[in-house]
Amino acid sequence: ELSSCYGKRSEANEFVVKIDAEVPLSEMFGYATDLRSQTQGRASYSMEPLKYAEAPTSVAAAVIEARKK
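Residues in the sequence shown are numbered consecutively from 1, following UniProt numbering.
Following this line, the structure appears as structure tokens:
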């Protein structure tokens, strides 16, 4: 779950919970589907690029291996 791994709750009231998070783009694929499933289609999200960062060694190695094939 996004809030437990990366985010922090920045706003909450009776109707809305807002979570701000910095998440690698690769981990956001499929997030919209998961979010709709968990909220019966009531939630929404938005994202915007923040920065470029060096990938962890394990991620870089997997990308390099995939490109070799």
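Each residue gets a CB set at the ideal place from its N, CA and C atoms; glycine is no exception. Just so you know, these numbers come straight off a predicted model, no measurement behind them.
*Taking only runs that begin and end inside the UniProt domain "Elongation factor EFG" (1 to 63), name each unbroken alpha helix (DSSP H) of 4 or more residues, in chain order.*
2 to 5, 31 to 38
_By the three-class DSSP mapping on this structure, what secondary structure does K68 have?_
helix
*Name the residue from P56, K8, V59, F15 whose alpha carbon lies nearest to the alpha carbon of R42.*
F15
_Contact test: A62 Cβ vs the ligand COA heavy atom, cutoff 7 Å_ = Summarising the ligand content, the structure contains no ligands, and the ligand COA is consequently not present.
*Could you give the distance in angstroms between the alpha-carbon of R67 and the alpha-carbon of A60?*
11 Å
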